[in-house]
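What follows is a short report on a single structure.
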Amino acid sequence: MKPSDGPLQRIFCAIFAILASAGCAGRQAPPAAPAPFVETTVASFGAIEPARRLAGVVAPYQNVAIQSTLSEPADAVFVREGDAVHAGQLLAQLDTADLQAQMQSDLATANSNRANTSHTAYQGSLNITQGVDTMRTDDAAVRQAQQTLANDQRNLSRDQNLLAQGYISQQSVDAQATLVKNDQQALTQANANLSSARATVQANGTLSGQGLQASAVEQSAAQEQVALAQAAQVRVQIAKAAIASPINGVVVNRNINPGEYPGSRELFTLQQVDPIYAVLHASSEEVASIVNGAAATVVAADLAGNARYAGHVVGVLNEINPGSTDFQVKVLLDNPGQRLRPGMVVQGMIATLPVRGVRVPVTAFTDDNHDALMAIEPGDTVKTMKVGEVGSDGTTAVVTGLAVGTRLVTNGQMSLGDGEKVSYRQ
Numbered sequence: 003m004k005p006s007d008g009p010l011q012r013i014f015c016a017i018f019a020i021l022a023s024a025g026c027a028g029r030q031a032p033p034a035a036p037a038p039f040v041e042t043t044v045a046s047f048g049a050i051e052p053a054r055r056l057a058g059v060v061a062p063y064q065n066v067a068i069q070s071t072l073s074e075p076a077d078a079v080f081v082r083e084g085d086a087v088h089a090g091q092l093l094a095q096l097d098t099a100d101l102q103a104q105m106q107s108d109l110a111t112a113n114s115n116r117a118n119t120s121h122t123a124y125q126g127s128l129n130i131t132q133g134v135d136t137m138r139t140d141d142a143a144v145r146q147a148q149q150t151l152a153n154d155q156r157n158l159s160r161d162q163n164l165l166a167q168g169y170i171s172q173q174s175v176d177a178q179a180t181l182v183k184n185d186q187q188a189l190t191q192a193n194a195n196l197s198s199a200r201a202t203v204q205a206n207g208t209l210s211g212q213g214l215q216a217s218a219v220e221q222s223a224a225q226e227q228v229a230l231a232q233a234a235q236v237r238v239q240i241a242k243a244a245i246a247s248p249i250n251g252v253v254v255n256r257n258i259n260p261g262e263y264p265g266s267r268e269l270f271t272l273q274q275v276d277p278i279y280a281v282l283h284a285s286s287e288e289v290a291s292i293v294n295g296a297a298a299t300v301v302a303a304d305l306a307g308n309a310r311y312a313g314h315v316v317g318v319l320n321e322i323n324p325g326s327t328d329f330q331v332k333v334l335l336d337n338p339g340q341r342l343r344p345g346m347v348v349q350g351m352i353a354t355l356p357v358r359g360v361r362v363p364v365t366a367f368t369d370d371n372h373d374a375l376m377a378i379e380p381g382d383t384v385k386t387m388k389v390g391e392v393g394s395d396g397t398t399a400v401v402t403g404l405a406v407g408t409r410l411v412t413n414g415q416m417s418l419g420d421g422e423k424v425s426y427r428q
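Numbering (this note's numbering), first residue to last: 3 to 428.
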């Protein structure tokens with residue numbers, strides 16, 4: 003290097019240093035990152051109606067097993083398995099030929115007894131009239147015998163006076179005395195006949211009251227009623243031969259064909275599926291807060307679109323098996339399209355008894371355990387707080403371990419750490 007280059011080089015270095023210093027002095031430090039913005043909510047005191055989620059299956063509203071007490075063969079069967087039936091619809095017809103013959107025989111017997119009743123009534127009326135006439139005749143005979151006896155007794159008294167005076171013989175007096183004795187016997191017989199006639203009249207009575215003739219008419223009428231009752235009984239059996247559906251439902255089992263005798267087996271099984279039950283299974287802790295009449299929503303995953311059905315609880319049944327903790331909750335649902343079928347698996351959500359306490363949004367929980375929330379501390383920093391969930395209605399939960407008025411991060415799933423500063427709208 004030449005000596006003359008030294009000062010010039012020092013000048014250029016100085017200029018470069020000045021320019022570099024000036025450039026560094028004009029550049030500013032980067033600004034600090036702003037605190038992340040979060041939506042917040044304030045915990046409040048109030049009540050919610052929690053919902054229990056229970057699994058179960060669909061069950062028919064009614065399951066009807068049809069049998070017959072008749073021993074007649076089937077003439078015709080009108081339904082098949084899977085057919086929809088309505089109440090009163092004819093399912094099968096049993097043969098009734100022998101029952102019809104029996105009923106006609108009973109009706110003929112009743113008609114005969116009715117005619118016999120009329121005959122007995124007329125005969126009774128005749129017997130009553132004849133009895134009264136006989137009594138009157140015997141009464142007249144008694145009066146006549148009394149008069150004859152009185153006359154002969156007076157004649158005997160005269161004859162005895164004449165005998166004392168010697169005007170007639172003893173034989174004439176004895177003959178008159180014999181006649182008086184005969185009159186006395188005749189009077190006794192007439193009185194006996196009159197007593198018998200009176201007893202007969204009293205026994206006969208009247209047709210409209212009490213007595214032998216009235217009872218004879220009643221007995222004949224009773225025989226007529228017995229025959230009519232037997233005919234009515236057969237008529238009931240004939241009606242039972244027409245086997246009809248007692249419900250609106252579906253035939254799920256048919257166990258008889260034309261010509262077969264019903265015996266004691268089950269002929270048809272019918273199920274009513276509108277309305278229909280959802281039978282949900284629950285533990286003892288779950289059923290403790292479920293009451294009859296509680297609103298319920300049932301979801302059937304087997305149906306396209308997870309069809310939802312609204313209903314209400316109609317029964318909370320005790321343990322199914324002794325010693326178990328499996329309870330049943332029966333929910334009644336309308337099923338107009340009969341899309342729900344017995345045996346389908348469903349999920350049910352049941353409103354339970356109201357719960358009061360500190361309320362927070364369900365979205366504020368940090369995970370699915372629902373045991374932690376992110377609270378905003380003084381200085382706008384985040385702190386994780388442990389809580390206990392008492393109940394939830396799907397959108398709002400009641401928790402313990404949290405004070406009323408605590409500000410919380412609405413979305414507990416945000417990636418925030420304890421102590422991290424945040425911003426929010428007051």
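Backbone N, C-alpha and C define an ideal beta-carbon position, used for all residues, glycine too.
Just so we're clear, the structure is a prediction, and the values are computed from it rather than from any experiment.
Burial state of V400 (16 or more Cβ within 10 Å): buried
Residue burial classification, S222 (beta-carbon count within 10 angstroms, cutoff 16): buried
Cβ-based burial, A229 [other Cβ within 10 Å; buried from 16]: It counts as buried.
Reduced DSSP secondary structure (H/G/I, E/B, other) of R427: coil
Any beta strand (DSSP E) of 3 or more consecutive residues that is wholly inside the stretch 50 to 74: 53 to 68
Any non-hydrogen atom of the ligand SAM closer than 7 Å to I378 Cβ: For the ligand SAM, the structure offers nothing, since it holds no ligand at all.
Boundaries (first-last residue) of the alpha helix (DSSP H) holding A312: No alpha helix (DSSP H) contains A312, which is instead part of the beta strand (DSSP E) from 309 to 319.
Contact check, E268 vs N259, beta carbons under 8 Å: no
Beta-bridge pairing of A76 - partner residues as DSSP gives them: L96
Buried or exposed (CB count within 10 angstroms, at least 16 for buried), D161: buried
Euclidean distance between Cα positions of E74 and Q102: 12 Å
Rounded C-alpha distance that separates G168 from A179: Straight through space, the alpha carbons of A179 and G168 are spaced by roughly 17 Å.
R341 - DSSP class collapsed to helix/strand/coil: R341 carries a coil assignment under DSSP once its states are collapsed to helix, strand and coil.
N113 versus G207, E226, L151, V66, residue with shortest Cα-Cα distance: Of the residues G207, E226, L151, V66, the one whose Cα lies closest to the Cα of N113 is E226.
Sequence-distant residues of its chain with Cβ nearer than 8 Å to D373 (five each side left out): F367, K388, V389, G390, E391
Length at least 3, wholly inside the stretch 387 to 416: the beta strand (DSSP E) runs in chain order: 390 to 394, 398 to 402, 409 to 411
Neighbourhood of A353 by C-beta, 6 Å cutoff - its chain only, sequence neighbours within 5 removed: E51, A53, A296, A297
Where Q221 sits in the DSSP three-state scheme: helix
Pick from L355, Q155, A234, A309 that is closest to D108, judged by C-alpha positions: The alpha carbon of D108 has as its nearest neighbour, out of L355, Q155, A234, A309, the alpha carbon of A234.
Exposed unless 16 or more other CB atoms sit within 10 angstroms - verdict on A290: By the neighbour-count criterion, in which 16 or more other beta carbons inside 10 Å mark a residue as buried, A290 falls on the exposed side.
8 Å Cβ cutoff, A76 in contact with chain C: This model lacks chain C altogether, as it is built from one protein chain only.
Given 8 Å, three or more beta-carbon pairs between the stretch 55 to 66 and the stretch 246 to 257: With a cut-off of 8 Å on Cβ pairs, the stretch 55 to 66 is in contact with the stretch 246 to 257, counting three or more such pairs.
Backbone CA spacing between L319 and A284 [nearest angstrom]: Answer to the nearest angstrom: the Cα atoms are 10 Å apart.
Sequence-distant residues of the same chain with beta carbon closer than 7 Å to D328, five excluded per side: H283, E321, I322
Close beta carbons around L164, own chain, < 6 Å, minus the five adjacent residues each side: I170
Inter-residue spacing [alpha-carbon to alpha-carbon] between R343 and V360: 42 Å
Counted within 10 angstroms of its Cβ, other Cβ atoms place V266 as buried (16 or more) or exposed: With the sequence shown as reference, residue 266 is identified as Ser, and Val is not the correct amino acid for it. Exposed is the call here.
Beta carbon of A192 nearer than 8 Å to that of A152: No, these two residues do not count as a Cβ contact at 8 Å.
V182 beta carbon less than 8 Å from that of Q155: yes
Residue of D141, D382, F80 minimising C-alpha distance to T42: D382
Through-space distance from T202 to T139, alpha-carbon basis: Those two C-alpha atoms are separated by around 13 Å.
Cβ shell of L334 (< 7 Å), same chain only, five flanking positions each side left out: P277, Y279, G313, H314, V316
Nearest neighbour of A188, chosen from V301, A61, V300, A143 [CA to CA]: A143
Length of the line joining the Cα atoms of G419 and P338: 53 Å
Boundaries (first-last residue) of the alpha helix (DSSP H) holding D336: Careful: D336 lies outside any alpha helix (DSSP H) and carries neither H nor E.
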